[in-house]
Ligand code: DAH
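In the numbering used here, the protein residues as written are 57 to 413.
Below, the structure is given as structure tokens:
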């Protein structure tokens with residue numbers, strides 16, 4: 057009995073891993089193990105012998121089981137210690153370049169245009185994406201029956217049954233921020249309002265959520281000439297070209313009078329878009345002199361003040377500048393796309409430091 061005990065406790069102490077322990081368990085206390093065999097021999101013994109040997113075998117079995125359990129716990133502790141020793145992380149190390157996040161082209165374009173307009177004296181204003189029907193439409197001279205409401209494929213927010221107030225909408229453009237900025241700041245005012253907008257539309261150049269930047273300049277002596285100069289300066293700076301020709305086409309928007317859509321001269325040679333040269337024109341924005349009704353809706357006297365406004369698609373600008381063919385990919389969160397088209401996080405665009413190196 058003492059030999060058995062010494063043999064197995066010795067083996068258990070030496071066992072290097074759980075597999076070895078299991079082999080010892082089967083050999084010692086398993087159903088066909090050595091102790092089971094010895095138990096079977098009890099039948100051949102005298103009652104006196106049995107009384108002595110039986111309990112001793114049981115005690116040995118218990119002791120070996122206890123030793124097995126203790127060793128198993130010790131091995132698990134050692135394994136954990138080993139993991140803690142090897143799987144450490146030095147948080148003071150610089151981030152690995154490969155793993156660094158990138159700045160999304162929409163954020164990059166927004167940073168760039170913000171830097172440009174800041175230089176032109178425009179500050180940044182923001183408004184809510186869930187907007188009142190009034191700010192999104194009525195205040196912009198788009199009354200309830202106006203076809204522009206239908207054209208915009210508006211998402212309406214749900215109202216509780218019995219609540220008859222006009223619904224809130226997901227803003228369909230950034231123009232309502234014109235109204236909110238005038239309400240807040242009064243005149244004179246010079247702001248740009250970048251942000252997300254929503255329309256129920258989906259194809260290669262449309263997504264249900266996209267981005268616009270609104271511009272608004274109100275003062276006593278602002279004219280269409282100021283609008284033209286500002287937009288030309290902006291387009292040259294944004295596309296990083298020395299000269300650019302813009303074409304102002306008469307158009308119609310409810311919130312401006314007169315209104316103009318603006319095209320930019322470009323070429324498409326070999327499928328490659330070049331801004332500022334060639335025989336083609338591409339529409340990039342809507343603009344005009346702010347309608348007196350809109351100025352009044354913003355709480356400013358249209359007899360004293362006038363100004364211009366414009367609205368540009370930011371995603372569109374990013375597609376053009378960075379040669380990204382499909383708008384839908386912008387919002388798929390595909391890491392390969394983000395790494396390919398994304399920008400280094402620490403290159404903050406400035407006019408003096410370069411917009412998009
Ligand atoms: N809100 C228009 C749109 O979403 C864009 C626009 C056109 C904005 C003319 C303006 C403007 O401020 O003057 O299509």
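The beta carbon of each residue, even a glycine, is placed where N, CA and C say it ideally should be.
Check                                                                                                                                                                                              : Outcome
Identify whether residue 337 lies in helix, strand or coil by the three-state DSSP scheme.                                                                                                         : strand
Please confirm if the stretch 274-292 is in contact with the stretch 354-367, defined as three or more CB-CB distances below 8 Å between the two stretches.                                        : yes
Residue 238: buried (16+ other C-beta within 10 angstroms of its C-beta) or exposed?                                                                                                               : buried
Compare the Cα-Cα distances from residue 233 to each of 145, 199 and 190 and report the closest residue.                                                                                           : 190
Considering only the alpha carbon of each residue, which of 312, 390, 98 and 299 lies closest to residue 197?                                                                                      : 312
Do residue 274 and residue 346 have their CB atoms nearer than 8 Å?                                                                                                                                : yes
Taking contact to mean 3 or more Cβ pairs, one atom from each stretch, closer than 8 Å, check whether the stretch 375-393 and the stretch 259-272 are in contact.                                  : yes
Report the rounded CA-to-CA distance for residue 235 versus residue 329, giving the unit in angstroms.                                                                                             : 36 Å
Does the count of Cβ pairs from the stretch 208-217 and the stretch 129-143 closer than 8 Å reach three?                                                                                           : no
Cβ of residue 408 versus every heavy atom of ligand 1: is any distance shorter than 7 Å?                                                                                                           : no
Going by Cα to Cα distance, which pick from 223, 204, 170 and 220 is closest to residue 268?                                                                                                       : 170
Please confirm whether any heavy atom of ligand 1 lies closer than 7 Å to the CB of residue 229.                                                                                                   : yes
Indicate whether residue 117 and residue 82 have their beta-carbon atoms separated by less than 8 Å.                                                                                               : no
Counting along the chain, where does the beta strand (DSSP E) carrying residue 312 start and finish?                                                                                               : 312-323
If you measure from the CB of residue 241, is any heavy atom of ligand 1 nearer than 7 Å?                                                                                                          : no
In the DSSP assignment, what residue or residues form a beta bridge with residue 378?                                                                                                              : In DSSP, residue 378 forms no bridge with anything.
Identify every run of the alpha helix (DSSP H) within the stretch 92-151, keeping only runs that are complete inside it and at least 4 residues long; order them along the chain.                  : 103-142
For ligand 1, is there any heavy atom lying closer than 7 Å to the beta carbon of residue 494?                                                                                                     : The chain is shown only over 57 to 413; residue 494 falls outside these bounds and no answer can be derived.
Relative to the C-alpha of residue 293, which candidate in 396, 243 and 175 has its C-alpha closest?                                                                                               : 175
Per DSSP, residue 347 forms a beta bridge with which residues?                                                                                                                                     : Bridge partners of residue 347: none, in fact.
Please go through the same chain and pick out, in chain order, the residues whose beta-carbon is closer than 6 Å to the beta-carbon of residue 250, but skip the five residues on each side of it. : 166 and 269
Inspect the beta-carbon positions of residue 149 and residue 186 and report whether they are closer than 8 Å.                                                                                      : no
Tell me the residue span of the alpha helix (DSSP H) that contains residue 495.                                                                                                                    : No answer is possible for residue 495: the residues shown for the chain start at 57 and end at 413.
Hey, is residue 237 close to ligand 1, as in C-beta under 7 Å from one of its heavy atoms?                                                                                                         : no
Find out if the Cβ-Cβ distance for the pair residue 109, residue 98 is shorter than 8 Å.                                                                                                           : yes
How many Å lie between residue 340 and residue 218 at the Cα?                                                                                                                                      : 43 Å
Does the beta-carbon of residue 253 have 16 or more other beta-carbons within 10 angstroms, so that it is buried, or is it exposed?                                                                : buried
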